[in-house]
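**Student:** Can you read through this structure? Questions will come right after.
Chains as they are written, first to last, in the numbering used here: chain A, 1477 to 1948; chain B, 151 to 712.
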């Protein structure tokens, strides 16, 4: 019976996406329209797109599982670390907005007058996002195969179709479908938390139970772990996730696509409120699930939330909860696919090509590249190679070391091209070395990002570099 | 856009694509349902038949005395207990199922109290008579699309339909978008052309060979040709406008029921002359197709102005239209008047000179005879006085004749560079006495101009005009001598604040012997005119009755003076 319910919800979702995704098709005659929605998004679409992009399948699937497993104290290395990145985004939004660029790597061309930097950042983004899109597809595949009890391969093929379709219409389509996805994520997580509380026996039972457990000294309700929160773990999480988020081009693109710099700033501030609300709901789901049944058997924490929805909740609305995970996966994947394709075409291919190309042609190439990258991601997602999933945890770390200083420093200091190039290459090299030299099991405490971000910073502010005369 | 071509392609294609998917899905569901139903019915029938068979066997054993009827019936009831949903009605009409006894009225499926079959739930009761014992077996069954194993069986079918549906819809949307995009681009291009924006070419590949390519290329060629022709038309239009606006003739196009169109000259002339504007604005479309000509004249700035006006209806248009032209012919008219006046004066001069000659000879004879008679006749004092009066009158007639002859004979002029101020100053001094007698104040303004004129002639001219002016102010007034410049000519103005003259009088004032004063000879202004013409000058007069008269005499100047 549940499968029919899920099938029905899924069908409605499919129809909505097909209709909403169509929207962007007519507005993609110019590059600025295709990549940045004409830099004309008003506050609500910007907020919706920002939040929908923020929550990936990893957040919605992984975080309730992590809380279920590790208790409240995971907040420090997850939600808090991510949210710290928002402060950085608030900081740069107005300055970044003044740059009349189409993609984030183009910022490095404009600011440092360096084609090398543009191409290099383009390569970093193409590769990093390819890995990340694979993770999104995988997340979607897990949920849909759980929901509909179909093979994983069938469900990843479905996400491929959705992601491809919503990305074809450029940022207009992505933003439009993101509004729908935002409603689903917000509604799904809040409904999920309400259902979980209801399943426990209502808010009163839930809170009194929490109080009893807290007084009893249940470790998973403690805000800090029993053994204390190691400084280096916190620092690693902050640098790998917080700085990664702060330098993440997905959000920089949302800043650039806003109608004005005031709207860009408001978008980040308003989104922060929604993000806190959704994180709170996710924490309630995680803790509540544990209270309903502390003995769920799982191989990966990603399986916990779908399991809770499917087997522990008794409501016909649970289809929305699962579809909200689908929404999170697709809204993040299409945004990343668009950045990946735009980086490849606009920031790698075009600068290396001598001839100038017209907008329509570039958009046409981008669509082909989206198709190729999505297909490639799909093929990898069919059978993800050993290590790709753990390695994808390093995506934000690499983005942090390669982009943070050239981006933030570029906006707030007068450091020259030489410093930016040294910082991005030195930081990335240091990261790769640290990745291999620091043993895997130590990574959560001494993350490779720690030494490499330090090196990237030193190289960026190295006095031997010249001062950029052009910068005002 | 609700009526966009994309939607017109998309909707039918979506129907074409989705309908077969739905039909295949529905047929597949129906087939599965039917096969499931038949299977279920067959299974139930099989169960009932097998019980019937057992009853037959048990009944045979009961007949043979191998077992009691009671045991046989108990065994059958055990078998019935094992089959959930199976009911049996015994020979007394009691119902039994799953170890329980039922009354007929308790069983909804039996007495029709249960909900009837519908589209989603189908209900049936399969029965089997156990004739040996008079029992009857009932197996009520329900079938639905969403119950039993049907969803499991159909899940993949449904999933494949959704899959294919999504792929088909996405392809249809992308296909219709790509198909309609160039048409939309062409439409946008046409719209831009309609709005007058030629800037951007349609976003269509130039090497397209299909109908859209042909359409796009043809449209662009058409627009280019149109642009070329528009350019030519614009050129001709500009040329026509330049011609129309360069001519000195005012042109007005009157269109019935619409605003009139004026060329620049018309506008300028109307701006300068409000009376002309009033008359032109009053004009309406004329019904006659013949060309009509008129001369308009009226006073403008105390000067009479003349316009030659032509108007005619333009044929061959839906609305009545007339074209009106008007030309300022004041100068031409003045020239004509001057020529006419000169010719009239010349004729009069010739006639007067002829008459004077004819009179002078007999007059000389009369005078000689009179003198002879005075000498020969011894006349008394009174007679002598009379004859002397005769001689005086003869002399007077002779003087008049001399004057007439003088007027008719071209005078020698000896032009030299004269300072106007000096002449004016000396004349004012000379005439002050006479002027003060008549209560007239003389003014003169000095500008340091010099003119090329015969000094005596200039004095004569100004003297005559001053006397004329003083005479025109019987009640006294002011007479002003001033000068001005127009191009390379200098003009002297003699203005009085006297009685002024009517237009009819202005036409005659230069005629010889025309005078309004009894004591005048009527030759003063004729002589002035003659002298002015003789010194290559021009004379003009403006007068308003009751306000005064201004004579302006214009002479050439020397180049060195400039």
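Glycine included, each C-beta is placed from N, C-alpha and C at the ideal position.
By the three-class DSSP mapping on this structure, what secondary structure does residue 710 of chain B have?
**Tutor:** The predicted model places residue 710 of chain B with a pLDDT of 47, which falls under 50 and marks its position as unreliable, so this point remains unresolved.
**Student:** Measure the C-alpha to C-alpha separation of residue 224 of chain B and residue 271 of chain B and round it to an integer number of angstroms.
**Tutor:** About 35 Å.
**Student:** Taking three-plus beta-carbon pairs below 8 Å as touching, is the stretch 168-185 of chain B in contact with the stretch 338-346 of chain B?
**Tutor:** No, the stretch 168-185 of chain B is not in contact with the stretch 338-346 of chain B.
**Student:** Excluding the five sequence neighbours on either side, which residues of its own chain have a C-beta within less than 8 Å of the C-beta of residue 1593 of chain A, listed in chain order?
**Tutor:** The residues are 1581, 1584, 1585, 1882, 1893, 1896, 1897 and 1900.
**Student:** So if DSSP puts residue 698 of chain B in a beta bridge, which residue, or which two residues, is it bridged to?
**Tutor:** In the DSSP output, where bridge partners are listed per residue, residue 698 of chain B has B:694.
**Student:** Under the assumption that residue 324 of chain B contacts residue 1644 of chain A (Cβ atoms under 8 Å), give the Cβ distance between them as a whole number of angstroms.
**Tutor:** Right, the Cβ-Cβ distance comes to about 7 Å (below 8 Å), so this counts as a contact.
**Student:** State the Cα-Cα distance for the pair residue 207 of chain B and residue 1486 of chain A, rounded to the nearest angstrom.
**Tutor:** Near 56 Å, if we compare the C-alpha coordinates of residue 1486 of chain A and residue 207 of chain B.
**Student:** Quick one: which chain B residues come within Cβ less than 8 Å of residue 1483 of chain A?
**Tutor:** Correct list: 305, 308, 309 and 312.
**Student:** For a contact meaning CB atoms closer than 8 Å, what does residue 1802 of chain A contact in chain B?
**Tutor:** Here the premise fails: no neighbours, minimum Cβ distance about 13 Å.
**Student:** For residue 339 of chain B and chain A, any beta-carbon pair shorter than 8 Å?
**Tutor:** No, residue 339 of chain B does not count as interfacial toward chain A.
**Student:** Can you tell me which of the three DSSP states residue 1683 of chain A falls into?
**Tutor:** Helix, per DSSP.
**Student:** If you scan the stretch 230-285 of chain B from start to end, which runs of the beta strand (DSSP E) of 3 or more residues do you find wholly inside it?
**Tutor:** With a minimum length of 3 residues, the continuous beta strand (DSSP E) runs that stay inside the stretch 230-285 of chain B are 237-239, 245-247, 250-252 and 271-280.
**Student:** Give the residues of chain B in contact with residue 1641 of chain A, contact being defined as C-beta atoms less than 7 Å apart.
**Tutor:** In chain order: 320.
**Student:** Mark residue 1483 of chain A as exposed unless 16 or more other C-beta atoms lie within 10 angstroms of its C-beta, in which case mark it buried.
**Tutor:** Looking at its Cβ environment, which holds 16 or more other Cβ atoms inside 10 Å, residue 1483 of chain A is buried.
**Student:** Check the Cβ of residue 317 of chain B against every Cβ in chain A and list those closer than 8 Å, keeping chain order.
**Tutor:** The answer, in chain order, is 1637.
**Student:** In the DSSP assignment, what are the bridge partners of residue 1517 of chain A?
**Tutor:** In the DSSP output, where bridge partners are listed per residue, residue 1517 of chain A has A:1734.
**Student:** Touching or not, the stretch 636-644 of chain B and the stretch 692-704 of chain B, by the rule of three or more beta carbon pairs under 8 Å?
**Tutor:** The stretch 636-644 of chain B vs the stretch 692-704 of chain B: in contact.
**Student:** My assumption, with CB atoms under 8 Å, is that residue 212 of chain B sits in contact with residue 222 of chain B. Please give the rounded CB distance.
**Tutor:** Yes, residue 212 of chain B and residue 222 of chain B are in contact; Cβ-Cβ is about 5 Å, under 8 Å.
**Student:** Does the stretch 1529-1537 of chain A touch the stretch 1690-1698 of chain A, meaning 3 or more C-beta pairs lie closer than 8 Å?
**Tutor:** Taking 8 Å as the limit for Cβ pairs, the verdict is that the stretch 1529-1537 of chain A does not touch the stretch 1690-1698 of chain A.
**Student:** Let's test the definition: count the other Cβ atoms within 10 Å of the Cβ of residue 1888 of chain A and tell me whether it reaches 16, buried, or not, exposed.
**Tutor:** When all chains shown are included, residue 1888 of chain A counts as exposed.
**Student:** Determine the chain A residues that contact residue 183 of chain B at a beta-carbon separation under 8 Å, and present them in chain order.
**Tutor:** Result: empty, since nearest Cβ-Cβ is about 14 Å, beyond 8 Å.
**Student:** Taking residue 376 of chain B as the reference, give the member of B:507, B:664 and B:346 with the closest Cα.
**Tutor:** Of the listed residues, the one whose Cα sits closest to residue 376 of chain B is B:346.
**Student:** How about residue 1790 of chain A: is its C-beta nearer than 8 Å to some C-beta of chain B?
**Tutor:** Answer no: the Cβ-Cβ gap between residue 1790 of chain A and chain B never drops below 8 Å.
**Student:** I need the boundaries of the beta strand (DSSP E) containing residue 449 of chain B, first residue and last residue.
**Tutor:** Run containing residue 449 of chain B: 442-450, per the beta strand (DSSP E) assignment.
**Student:** What's the C-alpha gap between residue 592 of chain B and residue 578 of chain B?
**Tutor:** Each residue's Cα considered, the two are about 7 Å apart.
**Student:** Do residue 1640 of chain A and residue 1858 of chain A have their C-beta atoms closer together than 8 Å?
**Tutor:** No, Cβ-Cβ distance for residue 1640 of chain A and residue 1858 of chain A is not below 8 Å.
**Student:** Which residue marks the beginning of the beta strand (DSSP E) containing residue 401 of chain B, and which one marks its end?
**Tutor:** Element bounds for residue 401 of chain B: 400-405.
**Student:** Where does residue 1573 of chain A sit, in a helix, a strand or coil, going by DSSP?
**Tutor:** In this structure, residue 1573 of chain A counts as helix in the three-state DSSP scheme.
**Student:** Does residue 1622 of chain A pass the burial test, meaning 16 or more other C-beta atoms within 10 Å, or should it be called exposed?
**Tutor:** Residue 1622 of chain A should be labelled buried.
**Student:** Say whether chain A places a C-beta atom closer than 8 Å to the C-beta of residue 353 of chain B.
**Tutor:** Taking Cβ atoms only, chain A reaches closer than 8 Å to residue 353 of chain B, which makes this a yes.
**Student:** Run through the DSSP bridge pairs and tell me what residue 644 of chain B is partnered with.
**Tutor:** Beta-bridge pairing links residue 644 of chain B to B:631 and B:701.
**Student:** For a test of the three-state rule: what should DSSP assign to residue 1720 of chain A, helix, strand or coil?
**Tutor:** Correct three-state label for residue 1720 of chain A: helix.
**Student:** On the DSSP bridge assignment, give the partners of residue 639 of chain B in chain order.
**Tutor:** Bridge partners of residue 639 of chain B: B:636 and B:706.
**Student:** Below 9 Å between beta carbons is the criterion; list the residues of the stretch 1618-1636 of chain A that meet it against any residue of chain B, in chain order.
**Tutor:** Listed in sequence order: 1624, 1625, 1626, 1630, 1633 and 1634.
**Student:** By DSSP's criteria, residue 1969 of chain A is part of a beta bridge. Which residues make up the other side?
**Tutor:** The structure shown does not extend to residue 1969 of chain A, since chain A spans only 1477 to 1948, so no value can be given for it.
**Student:** Going straight from the alpha carbon of residue 385 of chain B to that of residue 393 of chain B, what length do you get?
**Tutor:** For residue 385 of chain B and residue 393 of chain B, the distance between alpha carbons rounds to 12 Å.
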